[in-house]
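If you read the protein sequences in the order shown, they are chains Z and G. Using the numbering used here, read the first sequence as starting at 1 and increasing by one per residue. Using the numbering used here, read the second sequence as starting at 359 and increasing by one per residue.
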Amino acid sequence: MASERAITATVETAGGRGRYRALVWRRQLILAGLGAALLFSLCVDLALGPARYGLGEVVRALLTPDAVPQQVRVVLWEIRMPVALMAVVVGAALSVAGAQMQTILNNPLASPFTLGISAAASFGAALALAFGVALIPAAIAYVVPVNAFVMAMLAALLIHLLSVKRGVTVETIVLLGIALVFTFNALLALVQFFASAEALAAVVFWTMGSLTKATWPKLAVTTFVLAAVLPVFARRAWALTALRLGEDKAASFGIKVARLRMETLMLVSLLAAIPVAFVGTIGFIGLVGPHIARMIIGEDQRFFLPASALSGALILSASSVASKSLVPGTVFPIGIVTSLIGIPFFISLILSGTRRSW
Amino acid sequence: MVTIRLESLGARYGRKLLLEGVATPKFQGGDVVAVIGPNAAGKSTLFKRVAGLLPGPGIVHVEGNRKGRDSICYMPQDTSANAVLTVYESVLLARKQGAGWSVDEEDLARIDEALTALGISDIAFRNIGELSGGQRQLASLAQTLVREPEILLMDEPTSALDLSRQVEVLGLMRNLARARGMVVLIALHDLNHALRFCDQAIVVAGGRLVACGPAPDIITPALLREIYHVEARIETCSHGLGHIIVDGVAAQSRTFAWHVAESEIGKPDRQRSEGAAMTVQAS
Numbered sequence: 001m002a003s004e005r006a007i008t009a010t011v012e013t014a015g016g017r018g019r020y021r022a023l024v025w026r027r028q029l030i031l032a033g034l035g036a037a038l039l040f041s042l043c044v045d046l047a048l049g050p051a052r053y054g055l056g057e058v059v060r061a062l063l064t065p066d067a068v069p070q071q072v073r074v075v076l077w078e079i080r081m082p083v084a085l086m087a088v089v090v091g092a093a094l095s096v097a098g099a100q101m102q103t104i105l106n107n108p109l110a111s112p113f114t115l116g117i118s119a120a121a122s123f124g125a126a127l128a129l130a131f132g133v134a135l136i137p138a139a140i141a142y143v144v145p146v147n148a149f150v151m152a153m154l155a156a157l158l159i160h161l162l163s164v165k166r167g168v169t170v171e172t173i174v175l176l177g178i179a180l181v182f183t184f185n186a187l188l189a190l191v192q193f194f195a196s197a198e199a200l201a202a203v204v205f206w207t208m209g210s211l212t213k214a215t216w217p218k219l220a221v222t223t224f225v226l227a228a229v230l231p232v233f234a235r236r237a238w239a240l241t242a243l244r245l246g247e248d249k250a251a252s253f254g255i256k257v258a259r260l261r262m263e264t265l266m267l268v269s270l271l272a273a274i275p276v277a278f279v280g281t282i283g284f285i286g287l288v289g290p291h292i293a294r295m296i297i298g299e300d301q302r303f304f305l306p307a308s309a310l311s312g313a314l315i316l317s318a319s320s321v322a323s324k325s326l327v328p329g330t331v332f333p334i335g336i337v338t339s340l341i342g343i344p345f346f347i348s349l350i351l352s353g354t355r356r357s358w
Numbered sequence: 359m360v361t362i363r364l365e366s367l368g369a370r371y372g373r374k375l376l377l378e379g380v381a382t383p384k385f386q387g388g389d390v391v392a393v394i395g396p397n398a399a400g401k402s403t404l405f406k407r408v409a410g411l412l413p414g415p416g417i418v419h420v421e422g423n424r425k426g427r428d429s430i431c432y433m434p435q436d437t438s439a440n441a442v443l444t445v446y447e448s449v450l451l452a453r454k455q456g457a458g459w460s461v462d463e464e465d466l467a468r469i470d471e472a473l474t475a476l477g478i479s480d481i482a483f484r485n486i487g488e489l490s491g492g493q494r495q496l497a498s499l500a501q502t503l504v505r506e507p508e509i510l511l512m513d514e515p516t517s518a519l520d521l522s523r524q525v526e527v528l529g530l531m532r533n534l535a536r537a538r539g540m541v542v543l544i545a546l547h548d549l550n551h552a553l554r555f556c557d558q559a560i561v562v563a564g565g566r567l568v569a570c571g572p573a574p575d576i577i578t579p580a581l582l583r584e585i586y587h588v589e590a591r592i593e594t595c596s597h598g599l600g601h602i603i604v605d606g607v608a609a610q611s612r613t614f615a616w617h618v619a620e621s622e623i624g625k626p627d628r629q630r631s632e633g634a635a636m637t638v639q640a641s
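What follows is the structure in structure tokens.
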């Protein structure tokens, strides 16, 4: 019998192993390439602004700050660096948040936007900007980001509470998220309706998302959250990958699916809420960053996780460059740029892609 | 040698008891046990309960196992997945089961061995989302085999395979059970396969165990009438194995009701098909 032959046959092993090793090597190269592209984009981002510097000067200012004139050093390190790094960190955070939302909800449309987290943050910020309402009175100095964060976490908490109810499926969670998006958008519209003209302008500008709000303390908080959450996801790389094989299969591997999904959802909410609170709503990254990563590197989380972070960081950093380059002398809100430039690029990538990405 | 015995086993989904009072004799390494019963009888529920994926009363007695909790492996019926993962990666995932990031030569050797044994080395680097149902089922089998379980619970593992693959896979499982000293429980709808490849059979219906024993003693015309509502006979083939011939659906059964116009009833095609003997898929 063929099966008996198969079990006793000398197994030809080198082929599969060799190809797998080559696959891993290729993926490491892709990650290195993304890292290099990100570094280049960061340098270009630093070079651009009202005063333009050459890339060589930027690199010199980064490596040996004392070797460049003080004016260049101040502009690059103290004015542009927090904004440029914020683009990198926020892009990475939003992209990882989107990647894990798509993983645990098994839905390609999941992102911080889809679950209403961004919409809730906008509403929280609008309350502060229009009426001066502080959801946590003690934090009056940071009323806008604190309000945005509190509302984003409230939305996430609501989703958590409803998703632990028995019989609630991932589809229900996604639908619930969409309902939250519409609810918070309606509330935001209501705030805008009653707001003064000045407050209305502030609210509209905030919801567009802008990296110019970045400061070193905000950058430090965002980086800390990202640095704290990434290792947790990395430790669960196998389990999160297994989730994409289906709930039953993941459970059969000994994974506590409900617990993994719940804990990931909480971490993802934190990861999405912090950047949104600081720089406003930037919706496109959380959706597209993971899709690009998936297309070029697959869904083995050992590679997918860093690829998502790098692609998100790269998109936002490149968008930051574009926001300064489109019209000289004008810095467009980053949220507008990511959509205007990123979405056509994303569509072309989907249509030209030979690999099925979902 | 590993053994497994179920004692008063039940399973709950929420407050609802879906399975109760399942008790079996001791099965030991090398045994291949068919778990049979009609649709929604509780076969998958039984497997999930034994694998520890569902709560419920009763005890699963496992003795002589070397791998602790990992000794029991459940292969679910649903193999659909749209992940951007190659077959090779999905099998590696099963092999690692949450262990560290590193992948050693031993892991890769076991994966190559499983893929070769199942004849799917040629699709090893295709994404599982792009595979046919049968290929996905073979990939799922490879994921199961690399875990090197001592007790294997397979939920309809051949339902999407063509006939020759069904025979090959079930033959492979029987040989592996003997070679590795593994207990294999297989939920099957094809009772001829159960007669051919399985030593024992347990019958589940309505969330209860209704019969248990050597497969040829359990799978009888009386059982087929009682559980499956069919009139059937069992004949011995040239290899000395029982082979089920289904003559028709039992008179008192729940048949598919379809409204047929009176004018249709007298047509020759219909007359020919009524009462014609159906042979259950040969194996």
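Every residue, glycine too, gets a C-beta built ideally from N, C-alpha and C. Remember, predicted model here, so these are calculated numbers, not experimental data.
Which runs of the beta strand (DSSP E), 3 residues or longer, sit entirely within the region 4-78 of chain Z? Runs found: none.
For a quick check, are the C-beta atoms of G:Ala399 and G:Ala563 less than 7 Å apart? In this structure, G:Ala563 lies closer than 7 Å to G:Ala399 by Cβ.
Are there three or more Cβ pairs, one per stretch, closer than 8 Å when the region 94-110 of chain Z is compared with the region 306-321 of chain Z? Contact between the region 94-110 of chain Z and the region 306-321 of chain Z is present: three or more C-beta pairs spanning the two stretches fall below 8 Å.
Against G:Ala441, what residues of chain Z qualify as contacts under a CB-to-CB distance less than 7 Å, listed in chain order? The contacting residues are Arg244, Leu245 and Glu299.
Can you confirm whether Z:Ile346, when its beta carbon is compared against all beta carbons of chain G, has any partner nearer than 7 Å? The residue asked about is misnamed: residue 346 of chain Z is Phe in this sequence, not Ile. Using beta-carbon distances, Z:Phe346 does not count as an interface residue toward chain G, since no partner is under 7 Å.
DSSP on G:Asp436, reduced to helix/strand/coil? DSSP places G:Asp436 in the coil class of the three-state scheme, outside both helix and strand.
From G:Ile430, G:Ala545 and G:Glu463, pick the residue whose C-alpha is nearest to that of G:Thr502; which is it? Ranked by how close their Cα comes to the Cα of G:Thr502, the residues G:Ile430, G:Ala545 and G:Glu463 have G:Ile430 in first place.
Short of 9 Å Cβ to Cβ, which residues in the region 71-90 of chain Z face chain G? Closer than 9 Å at the C-beta level to chain G, one finds no residue of the region 71-90 of chain Z.
With 7 Å set as the bound, which would you pick, yes or no: does the beta-carbon of G:Lys454 sit closer than that to a beta-carbon of chain Z? Answer yes: the Cβ-Cβ gap between G:Lys454 and chain Z drops below 7 Å somewhere.
Relative to chain G, which residues along the region 237-270 of chain Z have a C-beta separation below 8 Å, given in chain order? So the list reads Ala237, Trp238, Ala239, Thr241, Ala242, Arg244, Leu245, Gly246, Asp248, Lys249, Ala251, Ser252, Phe253, Gly254 and Ile255, given in the order they occur along the chain.
Go ahead and pull the three-state DSSP assignment for G:Phe385. Strand, per DSSP.
CB contact below 7 Å: G:Glu447 versus chain Z: For G:Glu447, at least one C-beta of chain Z is nearer than 7 Å to its own C-beta.
Secondary structure at G:Met359, three-state DSSP: helix, strand or coil? Of the three classes helix, strand and coil, the one that applies to G:Met359 here is coil, per DSSP.
Short check: CB of Z:Phe284 to CB of Z:Gly342, under 7 Å? Yes, they are a contact pair.
In chain order, which alpha helix (DSSP H) runs of at least 4 residues are fully inside the region 231-282 of chain Z? Look at the region 231-282 of chain Z and you find these whole runs of alpha helix (DSSP H), each 4 residues long or longer: 237-243, 247-252 and 257-279.
Segments assigned alpha helix (DSSP H), at least 4 residues, entirely inside the region 483-530 of chain G: Secondary structure remark: continuous alpha helix (DSSP H) runs of at least 4 residues inside the region 483-530 of chain G, in chain order: 491-503.
Going by C-alpha to C-alpha distance, which of Z:Gln301, Z:Ser325 and Z:Ala61 sits closest to Z:Gln28? Minimum Cα distance to Z:Gln28 is reached at Z:Gln301.
Proximity to Z:Leu270 [Cα-Cα], best of Z:Thr223, Z:Trp25, Z:Ala234 and Z:Leu340: Proximity to Z:Leu270 across Z:Thr223, Z:Trp25, Z:Ala234 and Z:Leu340 peaks at Z:Thr223, based on C-alpha coordinates.
Members of the region 469-500 of chain G near chain Z, C-beta cut-off 8 Å: Per Cβ criterion, the list reads Ile469, Asp470, Glu471, Leu473, Thr474, Ala475, Leu476, Gly477, Ser479, Ala482, Phe483, Asn485, Ile486, Gly487, Glu488 and Ser498.
Span separating the alpha-carbon of G:Lys645 from that of Z:Thr281: Chain G is shown from 359 up to 641; residue 645 of chain G falls before or after that span and cannot be answered.
Of all the CB atoms in chain G, is at least one closer than 7 Å to the CB of Z:Thr8? Here the model assigns Z:Thr8 a pLDDT of 42, short of 50, so the residue's position is not dependable, and the following value carries that caveat. For Z:Thr8, the answer is no, since every Cβ of chain G falls outside 7 Å of its Cβ.
How close, in whole Å, do the beta carbons of G:Leu450 and G:Asp465 come, if the pair is a contact with beta carbons under 8 Å? With a Cβ gap of about 7 Å, G:Leu450 and G:Asp465 count as contacting.
In the DSSP assignment, find the beta strand (DSSP E) that holds G:Asp605 and state where it starts and stops. Taken as a continuous stretch (DSSP letters only), the beta strand (DSSP E) holding G:Asp605 covers Gly600 to Val607.
Under a Cβ-count criterion, where at least 16 other Cβ atoms within 10 Å of its own Cβ denotes burial, should Z:Arg294 be classed as buried or exposed? When all chains shown are included, Z:Arg294 counts as buried.
Span separating the alpha-carbon of Z:Ala197 from that of Z:Thr183: Going by the C-alpha atoms only, they are around 23 Å apart.
When the Cα atoms are used, what is the spatial distance from Z:Leu157 to Z:Thr338? Rounded to the nearest angstrom, the two C-alpha atoms are 28 Å apart.
Validate contact between the region 511-518 of chain G and the region 44-55 of chain Z using beta carbons, cut 8 Å, 3 pairs: No, they do not touch.
So, do the region 411-420 of chain G and the region 598-605 of chain G have three or more beta carbon pairs nearer to each other than 8 Å? They do not touch, by the three-pair rule.
Whole alpha helix (DSSP H) elements within the region 400-448 of chain G, 4-residue minimum: The region 400-448 of chain G is shown to contain whole alpha helix (DSSP H) runs of 4 or more residues at 401-408, in chain order.
In three-state DSSP terms, what is Z:Gln192? Per DSSP, reduced to three states, the secondary structure at Z:Gln192 is helical.
Inter-residue Cα distance where the pair is Z:Ile336 and G:Arg427: C-alpha separation (whole angstroms): 53 Å.
For G:Leu476, collect the residues of the same chain with a Cβ closer than 8 Å to its Cβ; drop the 5 residues on either side in sequence, then sort them by chain order. Closer than 8 Å at Cβ, skipping near neighbours: Leu496, Leu499, Ala500, Leu503, Val527 and Leu530.
Chain Z residues whose Cβ lies nearer than 9 Å to that of G:Ser460: Within chain Z, no residue comes near G:Ser460; the closest Cβ sits about 10 Å away, beyond 9 Å.
In the DSSP output, what is G:Gln558 paired with across the bridge? In the DSSP assignment, G:Gln558 forms a beta bridge with G:Val391 and G:Pro572.
Where Z:Pro112 falls, given that 16 or more other Cβ within 10 Å makes a residue buried: So Z:Pro112 ends up on the buried side.
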